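Numbering (my numbering), first residue to last: 482 to 854. Where is the CB? At the ideal position from N, CA and C, for every residue including glycine. Quick caveat, the model's predicted, so the values are computed rather than measured.
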């Protein structure tokens, strides 16, 4: 195999890995959205904050918190507890937790002393109890100071929750990668053999790969600007909703609300309702952009099939692989593909661009040598 042919085979394999890695990412995002993975991990995180024993999770108490009036309106109850709230603020979480404590009153969040009294009734050794009592002590009766320190503490919790979620996502991506490889028969050894033996298939994949390499980055290749913009707008809508709810509490639920203007409370209520409607609309827009992105990924996969590349199980091939003497080669080929795809689309996009760059130089050198000869 000459150098240029080897580069073409590597370029074709890089394109195949890239397309399947993109498909795996889309599948993972679909599963995460369908099962509300972020909401489930928030539930686990809340359970860990309320558990006296770090080796167990008080999911029952976490469910009570999520079903409280302070949090239940942020999500919808779905199958297997899906579609619940995925993001909460520190103040919302504190309200949800303490509202489940015996002796809770609607005006309990107006005074630091009342917050501490409720926090002391949480399970002993529960991290949430210790944190709230410590923050109340350091706030020295200043509610604004308490809220600022509560936000700082909550950021640490959010960072840990995000780390848990990303780690879990990596495991899921590996699992999906091998599932796709097995169901689609993505055999690296067989694919390399096809690319080496069939000039037509190889030429089509190289042509596709060189076009992909022209993209500045993965975002430009898939035109993810719309999805990214929709995601950012949804996150901003979530923040505005939280701010509107804080304004509503200040205008309508503070101890001095009797002295407050009824019009101010009505205005705050209107802003809260509008912010909630906006968040729902931005969430729907994000879902639409994600669907469009998935369609573009599918187009890349369809282009692979149109090239004539043989992917998938042919009739009786699996049984023949098990019964024949080539089962070890088949297993190795599938494992190589699984591990390769699990490396992710960004990795293979960078590899593809590097190989395409080397191939361009090699092709020019070969053309000059042929013309000189």
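Measure the Cβ-Cβ separation of residue 571 and residue 503 and say whether it is below 8 Å.
It is not a contact, given that the beta carbons lie outside the stated cut-off.
If I measure Cβ to Cβ from residue 612 and keep anything under 6 Å in the same chain, skipping five residues before and after, which residues do I get?
Cβ within range, chain order: 634.
Per DSSP, what kind of secondary structure is residue 646 in: helix, strand or coil?
Collapsing the DSSP output to three states places residue 646 in a helix.
Three-state secondary structure assigned by DSSP to residue 582:
Three-state result, residue 582: coil.
Less than 8 Å between the beta carbons of residue 589 and residue 579, yes or no?
In terms of Cβ geometry, residue 589 and residue 579 form a close pair [threshold 8 Å].
For residue 759 and residue 812, the rounded distance between their alpha carbons
The alpha-carbon atoms of residue 812 and residue 759 are separated by roughly 51 Å.
Can the beta-carbon of residue 753 be found closer than 8 Å to that of residue 725?
Yes, Cβ-Cβ distance for residue 753 and residue 725 is below 8 Å.
Could you compute how far the alpha carbon of residue 649 sits from the alpha carbon of residue 483?
Roughly 43 Å between the two C-alpha positions.
Inter-residue CB distance, residue 834 and residue 694 (contact presumed, cutoff 8 Å):
Separation of the CB atoms of residue 834 and residue 694 is rounded to 5 Å, and the pair is thereby assigned contact status at 8 Å.
With a cut-off of 8 Å on the beta carbons, I'd call residue 577 and residue 549 a contact; round off their distance for me.
Contact between residue 577 and residue 549 holds, with the beta-carbon distance rounding to 4 Å and staying under 8 Å.
What residues in its chain sit with their C-beta under 7 Å from that of residue 609, if we drop five residues either side in the sequence?
Excluding residues within five positions, the ones whose Cβ falls inside 7 Å are 530, 531, 578 and 603.
Leaving out the 5 sequence neighbours to the left and right, which residues in its chain are closer than 7 Å to residue 501 when beta-carbon positions are compared?
Excluding residues within five positions, the ones whose Cβ falls inside 7 Å are 661, 667 and 822.
DSSP-derived helix/strand/coil call for residue 551
Coil, per DSSP.
Under the three-state DSSP convention, the category residue 652 falls into
Judged by DSSP in its simplified three-state form, residue 652 adopts helix.
By a C-beta neighbour count over all protein chains shown, 10 Å radius and 16 as the cutoff for buried, is residue 498 buried or exposed?
Counting Cβ neighbours within 10 Å, residue 498 comes out buried, since at least 16 surround it.
Buried versus exposed, by CB contacts within 10 Å (16 or more), residue 842
Here residue 842 is exposed: its Cβ has fewer than 16 other Cβ atoms, across all protein chains shown, within 10 Å.
Under the assumption that residue 774 contacts residue 703 (Cβ atoms under 8 Å), give the Cβ distance between them as a whole number of angstroms.
Yes, residue 774 and residue 703 are in contact; Cβ-Cβ is about 6 Å, under 8 Å.
Alpha-carbon to alpha-carbon, residue 747 and residue 629:
Roughly 27 Å separates the two Cα atoms.
By how many angstroms is the C-alpha of residue 836 removed from the C-alpha of residue 730?
Residue 730 and residue 836: Cα-Cα distance of roughly 58 Å.
Is it buried or exposed for residue 819, if we count other Cβ within 10 angstroms and need 16 for buried?
That one is buried.
Could you give the uninterrupted runs of the beta strand (DSSP E) lying entirely in the region 654-695, keeping only those of 3 residues or more?
Whole beta strand (DSSP E) segments, 3+ residues: zero.
Could you spell out the range, first to last residue, of the alpha helix (DSSP H) harbouring residue 743?
It spans 743-787 - the alpha helix (DSSP H) in which residue 743 sits, taken as one unbroken run.
Starting from residue 509, trace the alpha helix (DSSP H) both ways and give me its first and last residue.
Residues 484-515.
Alpha-carbon spacing of residue 738 relative to residue 732, whole angstroms
For residue 738, the pLDDT reaches just 48, beneath the cut-off of 50, and the residue's location in the model is therefore unreliable, leaving the point undetermined.
Cβ neighbour criterion (16 or more within 10 Å) applied to residue 643:
Residue 643 should be labelled exposed.
Would residue 640 be called buried (16 or more neighbouring beta carbons within 10 Å of its own) or exposed?
The residue in question, residue 640, is exposed, as its Cβ has fewer than 16 Cβ neighbours within 10 Å.
Could you tell me how far apart the beta carbons of residue 689 and residue 494 are, in whole angstroms, since I believe they sit closer than 8 Å?
The beta-carbon separation of residue 689 and residue 494, rounded to 13 Å, does not stay under the 8 Å limit for a contact.
Residue 742 burial status per 10 Å Cβ neighbour count (16 or more: buried):
Exposed.
Nearest by alpha-carbon distance to residue 596: which of 625, 669 and 537 is it?
Residue 596 has its Cα closest to that of 625, out of 625, 669 and 537.
Euclidean distance between Cα positions of residue 857 and residue 528:
The structure shown has nothing for residue 857, since the chain only spans 482 to 854.
What do you reckon, are the CB atoms on residue 814 and residue 723 nearer than 8 Å?
Contact: no.
Can you tell which of 489, 830 and 816 has the C-alpha that lies nearest to the C-alpha of residue 658?
Ranking the options by Cα distance to residue 658, first place goes to 816.
Closer than 6 Å by C-beta to residue 839: which residues in its own chain qualify, once you throw out the five before and the five after it? Chain order, please.
For residue 839, where only same-chain residues beyond five positions count, there are no Cβ hits under 6 Å.
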